[in-house]
Amino acid sequence: MKNSSMHVAYFSMEFAFDDKLQNFAGGLGVLAADTMYSFADLEIPVVGVSLIYHQDDDQEKALMPEAFMKKREETIEIEIENRKIKIIIWQMDVTSKNGHTVPVFFLSSYTPENTRWDRDLTKHLYASDKYTRLGQEIILGIGGYRALKKLGYNDIKHYHMNEGHTAFLGLERLRTNGYNEEVVRAKSSFTTHTPVSAGHDYWGYPLIYQTLGNMVPQNIKNLATPDNLGMTQLAMNLSHKINSVSKRHNEVCKEMFPNHEIENITNGIYHPRWVGTAMKELFNTYLPSWEQQPEIFQTAPVVIPTEALDSARQIEKSALVEWINQMPHNFAVENPSKEDLFSPDTLTIGFARRFVPYKRPGLIFQNIDRLREIGYKKIQLVFAGKCHKNDMFCNKLQDTIRYYGRELRGQIKVIIIPDYNLEIAKHLITGVDIWLNNPFPPREASGTSGMKAALNGVLNLSILDGWWIEGLERAPLAGWGFGSNLNKKNVTNRDKFDEEELLNKLKEAIICYYDEKDMWNERMKHAISLLSYFNTHRLVHEYNNKIWNTDKTNLI
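Structure, rendered in structure tokens:
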């Protein structure tokens, strides 16, 4: 078939291309999609592989992939407990402005030839029951490899596994290469994104033998830990190169996996996707090659006029405030009056991500009296996060933030958007003044929302973890860092320590915003300059040079 010779096959459980395609849960999928866009722009011969989830058996409620992709005629089969399960293939093309296409193939078991049980293997992302979740990872890794072969991709130079969910790709390649581990390793690489042990998938061997049968190699316990099959360990042991996603994450990975050499490639974002409308016009005027050559952002502090930047930022912020004020039901206070609504003249701080304990969404409220003292009528806070109805922690925390918002009525405005998706993220990262991030270190592998905010001239107020350690080193004026003492392990002490330093830095930011406007504008320019490095164009070049080692002249 045409283009059957591909340099890299990129396997990922998630790709966040569109909110209507619910095959992503967070940053992993956003990064994977951003990377595909850069592959297309740079005309790199890559093919993506993932799963698609139908969501519901009711045809009126089920996802209709036809709106986004085409169904291929080719199908494959996989085996689970000796049952043959038919897998259908959908193709989505990521096409750049210059016409280069990167195909991404999505696999699904949702076809009438399968039993209902097997059809539902790809019903929901990250199924809660272990059997279904394992089935999904079998479809992705084993089925994904078979799908590429069926589609004619017989000359792939390298297979890249994005997180441990994809590790069964290695087992299938072992089987088809006579269980020659060296042959498999030579063309395999792996990215780990998880700095917490509990975040890695492990399967009991009885379940593995039950589902995979004679596909399991005799030395599986050497490849994937002796007690349980660890997907991360399996992927690492079948890869010739492994990488982390920030320098700090690299240190954590080396502590977690001391027997492996781990490179680092710090994450980035696809900058054309995340820029606001007014900021895009600004860049088109003063940084005309910014889309193709993001390194030009390094000149932002010199070439972008202050008045033009300030005007663009006001347009972006006014659009956000108007959008927020159209959702009175999301304000912390009941029946908000005109005085409760957000103002485009007030310093606006955004916090949007999963409401999980280590992200510490409520940290800023821990000393509410001091927050009130330094932020009185000077700041407004917007939170966004989606809670599952059974997630007691998330729902309770959002209720607590609403309580604080009521306590601060007339002093500090608070809104909570009970959802978070690509559209909401775009509203927030383009319109706020400060992006707040305060996870418990060192649990932030990288993070990319702060990069998206910086692209739009937003300043980061972030704990020194993940990418922000590198960001602040590259551009000290691009925001504020706190929580530098990473050795404090006690949760209670750490929270108190970080909250105190957070409020100290917030006080500095408030003074800068209201009393040092020239410095604020200078800081915004330096924030933008960070995108000369923290972009996926740079990221994919690094993958090629450090990890894949394919012929550079064929890629760039």
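Numbering-wise, the numbering used here puts 509 at position 509 of the sequence shown, and it's gapless, one number per residue. A virtual CB, placed ideally from N, CA and C, is assigned to each residue, including glycine. What you are looking at is a predicted structure, and each value in this text was computed from that prediction instead of being measured.
Residues that residue i bridges to, as DSSP identifies them
i           : result
residue 452 : Bridge partners of residue 452: none, in fact.
residue 459 : 434
residue 49  : 11 and 105
residue 244 : 264
residue 479 : 460
residue 331 : 415
Sub-8 Å separation of residue i and residue j beta-carbons
i           : j           : result
residue 12  : residue 54  : no
residue 530 : residue 274 : no
residue 432 : residue 375 : no
residue 134 : residue 203 : yes
residue 236 : residue 200 : no
residue 192 : residue 244 : yes
residue 188 : residue 159 : yes
residue 262 : residue 229 : no
residue 75  : residue 84  : no
residue 430 : residue 524 : no
residue 19  : residue 422 : yes
residue 412 : residue 380 : yes
residue 467 : residue 534 : yes
residue 464 : residue 446 : no
residue 89  : residue 111 : no
residue 536 : residue 142 : no
residue 241 : residue 547 : yes
residue 312 : residue 282 : yes
residue 126 : residue 62  : no
residue 425 : residue 479 : no
residue 575 : residue 325 : In the structure as shown, the chain begins at 1 and stops at 556. Residue 575 is therefore absent and cannot be evaluated.
residue 291 : residue 532 : no
residue 167 : residue 212 : no
residue 69  : residue 45  : no
residue 347 : residue 378 : yes
residue 100 : residue 43  : yes
residue 196 : residue 238 : no
residue 220 : residue 138 : no
residue 206 : residue 174 : no
residue 509 : residue 417 : no
Residue i (DSSP reduced to helix, strand or coil)
i           : result
residue 465 : coil
residue 284 : helix
residue 2   : Interpretation of residue 2 is limited by its pLDDT of 46, a score under 50 that renders its predicted location unreliable; the figure taken from the coordinates is listed afterwards. Three-state DSSP puts residue 2 in coil, outside helix and strand.
residue 365 : helix
residue 306 : helix
residue 555 : Note that residue 555 scores 42 on pLDDT, short of 50, meaning its location in the model is unreliable and no value can be drawn from it.
residue 60  : coil
residue 348 : strand
residue 529 : helix
residue 19  : coil
residue 296 : helix
residue 386 : coil
residue 126 : coil
residue 11  : strand
residue 34  : helix
residue 139 : helix
residue 522 : helix
residue 326 : coil
residue 44  : coil
residue 379 : strand
residue 265 : coil
residue 39  : helix
residue 535 : strand
residue 238 : coil
residue 25  : coil
residue 540 : helix
residue 276 : coil
residue 372 : helix
For residue j and residue i, believed in contact at Cβ under 8 Å, the rounded distance
i           : j           : result
residue 332 : residue 415 : 7 Å
residue 190 : residue 104 : No, residue 190 and residue 104 are not in contact; Cβ-Cβ is about 19 Å, not under 8 Å.
residue 266 : residue 246 : 5 Å
residue 404 : residue 365 : 5 Å
residue 318 : residue 344 : 5 Å
residue 462 : residue 493 : Not a contact, Cβ separation roughly 20 Å.
residue 50  : residue 106 : 5 Å
residue 482 : residue 505 : 5 Å
CB contact check: residue i to chain B, cutoff 8 Å
i           : result
residue 333 : Annotation note: the requested chain B is absent from the structure, which comprises a single protein chain.
Which runs of the beta strand (DSSP E) spanning at least 3 residues fall entirely within the segment 145-232, listed in chain order?
Scanning the segment 145-232 from its first residue to its last, the whole beta strand (DSSP E) runs of 3-plus residues come out as 158-162, 188-191, 202-204 and 228-230.
Beta strand (DSSP E) runs contained entirely in the segment 398-436, provided each spans 3 or more residues:
413-417
Sequence ranges, beta strand (DSSP E) only - wholly within the segment 52-115, length at least 3
70-80, 83-95 and 101-108
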